[in-house]
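Below: one structure, written as structure tokens.
2 protein chains.
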Amino acid sequence: MSFKSLRGFRDFYPEEMAARRKVLDRIFDVVRPYGFREVDSPSLEMLELFRVKSGEEILTQTFNFMDRSKREVTLIPELTPTVARMVVEREKSLKRPIKWFSMPKMWRYEEPQYGRLREFYQLNVDIFGVPGPEADAEVLAVGIDIMLKLKLEGQFIFKLSDRRLMHGVLESMGIANKEAVFAAIDKRYKIGYSEFKDLLIKAGLDDFKVGQLLSILDSRGPLAEALPRLKQLLSLENEAIRAGCESLEKLADLMAMYRMEQYCELDPSVIRGLAYYTGTVFECYDTKGELRAIFGGGRYDKIIELFGGEPMPAVGFGMGDAVLEILMKRAGMWPEKKLTTDYFILTTSPQFMETAIFLAQALRERHFIVETDLLGRNFGNQMKYANSIGAKYVLILGEKEMAGGQVSIKNMETGEQKTEEVIKFLESATKGGQN
Amino acid sequence: MSFKSLRGFRDFYPEEMAARRKVLDRIFDVVRPYGFREVDSPSLEMLELFRVKSGEEILTQTFNFMDRSKREVTLIPELTPTVARMVVEREKSLKRPIKWFSMPKMWRYEEPQYGRLREFYQLNVDIFGVPGPEADAEVLAVGIDIMLKLKLEGQFIFKLSDRRLMHGVLESMGIANKEAVFAAIDKRYKIGYSEFKDLLIKAGLDDFKVGQLLSILDSRGPLAEALPRLKQLLSLENEAIRAGCESLEKLADLMAMYRMEQYCELDPSVIRGLAYYTGTVFECYDTKGELRAIFGGGRYDKIIELFGGEPMPAVGFGMGDAVLEILMKRAGMWPEKKLTTDYFILTTSPQFMETAIFLAQALRERHFIVETDLLGRNFGNQMKYANSIGAKYVLILGEKEMAGGQVSIKNMETGEQKTEEVIKFLESATKGGQN
């Protein structure tokens with residue numbers, strides 16, 4: 038008999054988890070200084086909450102079931118509906134802007150692939166209540182800052198656009214079936230050119246309009262250059278186009294103030310599948326273009342109304358852990374998988390246990406990580422174990438030491454060893470300091 | 038249209054989450070120094086994993102369902118089976134002792150009550166591979182240390198016993214149906230005395246044996262006194278009783294070495310419902326005896342075999358967050374629900390945004406929590422918002438200040454205000470320091 042975890046679900050053993058915890062701490066250490074406040078919420082919600090946003094197709098993509106009280110419930114496949122529900126429930130009392138983050142587990146019933154799992158963690162960062170691009174810029178800055186603090190400079194690029202641009206373009210072309218065009222754009226590089234063109238023709242574009250659309254889609258590049266270039270291709274009489282351009286220009290200015298414009302490029306082909314985006318949209322990719330999006334987000338000003346609240350603007354992003362981990366590992370930036378321990382206390386006789394526990398507790402009070410021998414092992418085996426847990430120092434309590442109220446301190450890196458009175462040693466042992 | 042969370046599930050808004058995060062950090066800051074290593078594992082597992090340990094009754098107590106591939110799966114109601122599975126999968130390579138902890142979410146399909154939820158967090162701390170009471174003592178010490186660091190001294194008591202004691206007692210009485218007696222002991226204070234006695238009689242005890250059992254059950258008290266007293270009531274010829282007493286004596290000695298014996302008492306009526314405990318058992322209660330157990334644990338040396346591994350001793354505990362929170366709140370020790378912010382940067386004109394962002398980013402690099410105005414509000418409304426997020430300082434960028442490359446720094450607690458050059462201010466602003 039042998040048990041396994043479910044496919045697409047992960048076990049994290051201590052060494053892997055230690056590396057992971059470092060990365061998570063670094064991410065939270067970026068998000069918190071921006072004044073985003075942590076929230077937490079249920080892993081299980083009424084299925085209806087997700088149906089409202091995504092329709093019936095959500096049924097095939099989630100772990101949903103009927104609970105014992107015949108309620109349709111689901112493990113959350115994303116956080117936005119829950120966050121919207123929470124905002125609506127307290128919309129009267131919450132101070133604006135509402136700046137929230139969390140990094141819960143989520144579940145999707147999809148075929149597990151490279152960078153796609155059935156259970157994953159996703160960082161969500163949202164600002165509610167701010168209509169202007171100041172919020173878009175702050176959210177983008179947090180995303181870029183995370184990538185920089187994870188030492189991924191040169192490995193990533195944020196591609197941005199504004200949903201209103203492409204809406205306006207298709208509007209001024211007189212195309213009614215915009216969703217079909219968006220779907221085609223989404224698939225463009227997965228299918229060949231002729232198939233892509235066929236889809237556009239089917240959606241109502243003629244050869245001229247296809248050419249026009251292609252030159253717009255391909256007007257990507259650094260914000261400061263690409264934006265004026267793109268504007269020359271667009272009909273600024275269209276209100277949606279004008280609004281989109283104006284917002285992108287302000288966003289570009291703000292990103293320059295953050296000194297982060299070099300991590301962004303304009304890319305009018307960024308649409309994002311989800312229909313609920315209303316303005317800025319962005320995705321972060323590896324510069325080699327080999328992986329799925331590392332994160333994505335944008336402005337979705339209709340979401341709070343959708344969940345029954347008063348109109349309230351919103352902008353945010355989600356970042357899953359799976360693709361990020363792949364990128365960090367490829368870049369050699371994933372932390373080393375190893376355990377660290379400050380002190381292992383080696384005892385050569387059970388009668389020294391009392392002193393060992395006294396020492397251990399005194400050091401633990403000072404936040405040192407300390408282990409003692411729990412197995413009555415001999416000297417050599419205790420040393421071996423101390424090595425396996427990455428002990429920086431081994432404190433030796435042997436006959437000789439104990440006779441004089443002393444302890445020997447072995448530096449496991451240099452091999453140096455000295456003997457000191459237990460009390461003296463404790464006086465000098467402060468977190469961060471050497472002994 | 039309005040959406041609610043499911044019954045027995047909780048939303049945590051920022052103020053509540055900030056308090057909660059403090060408590061969680063304090064708990065982890067106790068557990069890590071003992072050398073316990075964090076692990077993480079799936080929220081969803083094969084139902085079979087839990088059936089093995091708990092039988093068919095698990096079906097009615099969990100959120101289980103058939104997934105799209107017709108697998109019986111369940112949200113985890115406890116962590117032990119998962120941890121055992123992980124140990125078994127790597128039993129050849131894992132160094133002993135295996136000291137693991139984690140605090141995942143768990144789910145139980147039970148009627149929500151005071152201190153019992155359908156979704157909760159549970160800290161799990163386990164040591165695998167140590168047969169002796171050194172591990173039992175260390176695990177207990179971690180539990181006690183958590184309660185002390187949460188400033189609950191005087192509010193809690195650990196009640197301990199050894200499963201082998203009561204087994205031996207019933208064995209020497211010639212009682213075959215031990216489980217019936219254990220179940221009766223479990224219910225003793227919920228039912229009246231006569232009903233309790235009836236259950237014991239039904240289980241095969243006569244009046245004399247009932248009296249004997251009661252005096253044993255009531256031999257509780259401080260370890261050093263109660264243990265010798267209890268031994269006088271027991272037949273030490275019985276091997277299980279002898280082994281249990283010997284182990285408890287060693288455990289008492291060790292707890293004295295930890296200087297923690299005063300937080301423990303012997304209580305032979307602690308059995309713990311779960312049949313898989315094999316030695317030490319303990320529960321932690323509020324001293325007023327008003328709440329459910331805050332945590333419980335013990336030794337379960339057969340668990341690894343049960344999940345298909347080679348025999349390996351194990352001891353550990355679980356501590357849910359719900360009862361702990363109630364106890365801390367009742368003791369006035371739950372942290373204050375409030376947001377903290379180091380700086381709010383107030384701007385009197387959009388043209389000062391560039392300096393505001395520059396200042397904000399420089400301070401955020403130093404891990405300060407900083408917010409800027411995203412809504413173009415007037416002076417008074419920005420001050421109001423700064424108050425609502427608990428800002429310690431407001432940095433004012435007004436016409437006067439900006440003309441001289443200066444910033445005014447208002448201490449929100451004292452109301453004092455001074456004006457400084459921006460560059461000077463930044464030089465002096467280091468985390469923890471005043472300005």
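If you read the protein sequences in the order shown, they are chains A and B.
The first sequence: position 312 = 349 (this note's numbering), numbered continuously.
The second sequence: position 363 = 400 (this note's numbering), numbered continuously.
We treat Cβ as the ideally placed atom computed from N, Cα and C, and that holds for glycine.
From the DSSP output, which residues share a beta bridge with residue i?
| i | result |
| --- | --- |
| residue 159 of chain B | B/357 |
| residue 101 of chain A | A/111 |
| residue 144 of chain A | A/156 |
| residue 433 of chain A | A/383 and A/445 |
| residue 336 of chain A | A/352 |
| residue 408 of chain B | B/381 |
| residue 77 of chain A | B/49 |
| residue 178 of chain A | Looking at the DSSP assignment, residue 178 of chain A forms no beta bridge with any residue, so it has no partner. |
| residue 249 of chain B | In DSSP, residue 249 of chain B forms no bridge with anything. |
| residue 315 of chain A | Residue 315 of chain A pairs with nothing; no bridge assigned. |
Pick helix, strand or coil for residue i, following the three-state DSSP scheme.
| i | result |
| --- | --- |
| residue 138 of chain B | strand |
| residue 348 of chain B | coil |
| residue 32 of chain A | Nothing can be reported for residue 32 of chain A: it is not among the residues displayed for chain A, which extend from 38 to 472. |
| residue 470 of chain A | Here residue 470 of chain A scores only 47 on pLDDT, less than 50, and its place in the model is too uncertain to base an answer on. |
| residue 454 of chain B | strand |
| residue 255 of chain B | coil |
| residue 59 of chain B | helix |
| residue 32 of chain A | Any property of residue 32 of chain A remains undetermined from this structure, which presents chain A solely from 38 to 472. |
| residue 199 of chain B | strand |
| residue 323 of chain B | strand |
| residue 220 of chain B | helix |
| residue 299 of chain B | helix |
| residue 392 of chain B | helix |
| residue 307 of chain B | coil |
| residue 95 of chain A | helix |
| residue 263 of chain A | helix |
| residue 167 of chain B | coil |
| residue 117 of chain A | helix |
| residue 187 of chain A | coil |
Express the C-alpha separation of residue j and residue i in angstroms, rounding to a whole number.
| i | j | result |
| --- | --- | --- |
| residue 286 of chain B | residue 174 of chain B | 11 Å |
| residue 66 of chain B | residue 294 of chain A | 39 Å |
| residue 438 of chain B | residue 431 of chain B | 14 Å |
| residue 451 of chain A | residue 429 of chain A | 10 Å |
| residue 289 of chain B | residue 155 of chain A | 47 Å |
| residue 329 of chain B | residue 170 of chain A | 51 Å |
| residue 54 of chain A | residue 208 of chain A | 50 Å |
| residue 470 of chain B | residue 423 of chain B | Any reading at residue 470 of chain B must be qualified, since the residue scores a pLDDT of 47, below 50, and its modelled position is unreliable; the value itself is stated next. Rounded to whole angstroms, residue 470 of chain B to residue 423 of chain B spans 20 Å at the Cα level. |
| residue 396 of chain B | residue 280 of chain A | 30 Å |
| residue 435 of chain B | residue 178 of chain A | 25 Å |
| residue 123 of chain B | residue 241 of chain A | 56 Å |
| residue 215 of chain B | residue 235 of chain B | 15 Å |
| residue 466 of chain A | residue 394 of chain A | 16 Å |
| residue 49 of chain B | residue 158 of chain B | 13 Å |
| residue 133 of chain B | residue 167 of chain B | 8 Å |
| residue 369 of chain A | residue 361 of chain A | 12 Å |
| residue 144 of chain A | residue 112 of chain A | 6 Å |
| residue 125 of chain A | residue 116 of chain A | 14 Å |
| residue 213 of chain B | residue 232 of chain B | 20 Å |
| residue 160 of chain A | residue 333 of chain A | 11 Å |
| residue 346 of chain B | residue 102 of chain A | 33 Å |
| residue 447 of chain B | residue 463 of chain B | 15 Å |
Kindly list, in the order they appear in chain C, the residues whose Cβ is closer than 7 Å to that of residue i.
| i | result |
| --- | --- |
| residue 398 of chain B | The question asks about chain C, but that chain is absent: this structure's protein chains are A and B. |
Return yes when the C-beta of residue i is under 8 Å from any heavy atom of the ligand ZN, and no when it is not.
| i | result |
| --- | --- |
| residue 458 of chain A | As presented, the structure is devoid of all ligands, the ligand ZN included, so that no description of it is given. |
May I ask you to list, following chain order, the residues of the region 242 to 276 of chain B that have a beta carbon less than 8 Å from some beta carbon of chain A? none
Validate contact between the region 189 to 208 of chain B and the region 306 to 322 of chain B using beta carbons, cut 8 Å, 3 pairs: yes
If the cut-off is 9 Å on Cβ atoms, which residues from the region 359 to 381 of chain B count as contacting chain A, listed in chain order? When C-beta distances to chain A are compared with 9 Å, the residues of the region 359 to 381 of chain B below that value are 376, 378, 379 and 381, in chain order.
When Cβ atoms are compared, which residues of the region 206 to 234 of chain A fall closer than 9 Å to chain B? none
Give, in chain order, every residue of the region 186 to 203 of chain B whose Cβ lies closer than 9 Å to some Cβ of chain A. none
Taking three-plus beta-carbon pairs below 8 Å as touching, is the region 299 to 313 of chain B in contact with the region 252 to 270 of chain B? yes
Does the structure place the region 407 to 416 of chain B close enough to the region 377 to 389 of chain B that three or more beta carbon pairs sit under 8 Å? yes
Chain-ordered residues of the region 402 to 417 of chain A with a beta carbon less than 9 Å from chain B: 402, 403, 404, 405, 406, 407, 408, 409, 410, 411, 412 and 413
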